Amino acid sequence: MRRIEGGGRVPASRITVQGIDFGTIRAEFSLPDAFGRAAQSEADNARDRHADGRVDATHIEFVTIDPPGSMDLDQAVHLEKSADGFVVHYAIADVAAVVIPGGALDVETRKRGQTFYLPDGSVPLHPRALSEGSASLLPDVVRPAALWRIELDVNAEPTSWTVTRALVKSVARLDYSTVQADADAGTLHPSIAALPEFGRLRGDSAVARGAIELKLPEQSVVREESGPDETGRWRIVLEPRTEADDWNAEVSLLTGMCAGRMMIDAGVGLLRTLPPAEQSAVDTLRRTAVALGITWPPGKSVGQVLAGLDAQEPSTMALMSVAPSLLRGADYAAFDGQLPDLTVHAGIGAPYAHVTAPLRRLSDRFSTEICLAISAGTPVPDWVRAALPELPPIMSGSDSVANKVDRACIDLTEVTLLEGRVGEVFDAVVMRSKDGKRAAEVFIPSVTVIAKCVGTPDDGERVKVRLTAVDTTKRTVEFTFPA
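Just so we're aligned: 196 in the working numbering is position 211 of the sequence shown, and the numbers increase by one with no gaps anywhere.
(1) Looking only at C-alpha atoms, which of Asp6, Thr458, Phe464, Lys449 sits nearest to Arg218?
(2) I'd like to know whether the C-beta atoms of Leu259 and Gly188 end up nearer to each other than 8 Å.
(3) My parser needs the beta strand (DSSP E) runs of 3 or more residues fully inside the region 143 to 177; what are they?
(4) On a Cα-Cα basis, can you pick out the residue from Leu304, Leu347, Asp231, Leu403 that is closest to Val455?
(5) On the three-pair Cβ rule with 8 Å, is the region 325 to 345 touching the region 382 to 398?
(6) Could you have a look at Trp219 and say whether DSSP puts it in helix, strand or coil?
(7) Within the 8 Å Cβ cut-off, does Thr341 reach chain C?
(8) Taking the beta carbon of Gly254 as the centre, do at least 16 other beta carbons fall within 10 Å, making it buried, or is it exposed?
(9) Quick one, are the C-beta atoms of Val80 and Ala120 less than 8 Å apart?
(10) Could you give the uninterrupted runs of the beta strand (DSSP E) lying entirely in the region 355 to 390, keeping only those of 3 residues or more?
(11) As an exercise, report each continuous beta strand (DSSP E) stretch of at least 3 residues that is fully enclosed by the region 71 to 120, in chain order.
(12) If you follow the alpha helix (DSSP H) that Glu13 is part of, which residue opens it and which one closes it?
(13) Applying the criterion that 16 or more other CB atoms from any shown protein chain within 10 Å of the CB defines a buried residue, is Asp268 buried or exposed?
(14) Would Gly445 pass as a contact of Leu277 if the rule is Cβ separation under 8 Å?
(15) Quick one: is Ser190 buried, meaning 16 or more other Cβ sit within 10 Å of its Cβ, or exposed?
(16) Is the distance from the Cβ of Val127 to the Cβ of Thr43 below 8 Å?
(17) In whole angstroms, what is the alpha-carbon distance linking Trp232 and Gln60?
(18) Less than 8 Å between the C-beta atoms of Ala157 and Val48, yes or no?
(19) Suppose you measure from the CA of Asp396 to the CA of Arg460; what does that come to, to the nearest Å?
(20) Report the option in Arg417, Ser265, Thr172, Tyr337 whose CA atom is closest to the CA atom of Ser300.
(21) Could you check what DSSP says for Trp281 in three-state terms: helix, strand or coil?
(22) In the DSSP assignment, find the beta strand (DSSP E) that holds Thr273 and state where it starts and stops.
(23) Taking DSSP as the reference, what is the three-state secondary structure of Met302?
(24) Taking DSSP as the reference, what is the three-state secondary structure of Asp214?
(25) Measuring straight from C-alpha to C-alpha, what distance separates Lys419 and Trp281?
(26) Counting C-beta neighbours from all protein chains within 10 Å, is the total for Gly38 16 or more, i.e. buried, or is it exposed?
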């Protein structure tokens, strides 16, 4: 579910509700349940098809960094300072080695596209025997991986990179809050002791490239476990994004940027693209910033202005609610021979390819195979080339479904939380004022709800609003200003 893109000082709602059936969301979007017998059998009996050609990298002490409880571990990292800068070793689960091209599981994963996450559990891309078992980079077990080695200079800019098939072993499973606490205490695991310095340098590089990071408050539905005979209660939270989240994300972004560069140079691949922001969207953002009293120094790019804002200020929340208009038009570009017209992801400020989450995202299995072939100087497998034209519509379609499922789960929880409270007055922050035909949008901290508001409150203003409608059928709520 969604995570807040910024600091963690916004309090989480302690208001809970019981009895939400997210099975209705699964049914509404026809999310698949069990895998077919043949696909399940292939997962249960998966074998490494490249076992004889792997480099032994089990001496590298990898660690994984994921949300608590995660079992589908795609990536493991080892980062060290060198005389010339940094060396990143990044192990990615080698899913292509255990999924038979053209087999029943291959066919099934193309139907799904990606793992769908709901509050009460996921609908996985691969059977759990594989995604949470034999292919997952779980600690203290040897696993097949696509191993990236990326050398960087003192400014954490990449100077060379390769990827090869290897055997790896993770020595520790960490989560973001633990990594952040260890970083604050100066006790980071030796395998990632250089992560804060690396992450900050890469963050500076992103701003210099013109990357745009949106620090929007994002909601997540979580379960609060009750007694042994109860299913627990549900609430909505804004999960704080720590610096550790950002540092770890920079490793994945770096790897994806190296992969994108490799594909462009080789003339074959699958890029994640985003066109530059339209000038009208930039102009609107600038006008909103002025209205909110946010300084926009001459010569500063959008990314530089947004990066310098305090994520907890109401004015930042309001400006960030307008900023998504800058990032419209994300797509996938498959090519084999002639490069696509657009090869850059404007939000990242560089060419980019998805290669770091093959257990959870279909495209990464094929993109990783392309990079392995390029790095080895061997032809890209025919089964990969044949699949390239099919992947953009599959991924775009599954991305759309994932976003809708996410939103539907939050909407269902919101209406369940607020049902029976029509007429109550709430403190709110105005995230977006009324604009043309669009209603204003407000954030209600006490219940962690973001909703439409009738009236004309100003951007970034702290106001009182009245709950005037809860529609459990349409899963909508509405507030009114003034209260």
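By construction, the Cβ of each residue, glycine as well, lies at the ideal position given by its N, Cα and C atoms.
The structure displayed is predicted, hence computed values, not measured ones.
Taking the structure as given:
(1) Asp6
(2) no
(3) 143 to 159
(4) Leu403
(5) no
(6) strand
(7) This model lacks chain C altogether, as it is built from one protein chain only.
(8) buried
(9) yes
(10) none
(11) 71 to 78, 101 to 103, 106 to 108
(12) 8 to 13
(13) exposed
(14) yes
(15) buried
(16) yes
(17) 14 Å
(18) yes
(19) 5 Å
(20) Arg417
(21) coil
(22) Careful: Thr273 lies outside any beta strand (DSSP E), inside the alpha helix (DSSP H) at 264 to 276.
(23) helix
(24) Any reading at Asp214 is ruled out, since the residue's pLDDT is 46, under 50, leaving its predicted position unreliable.
(25) 23 Å
(26) exposed
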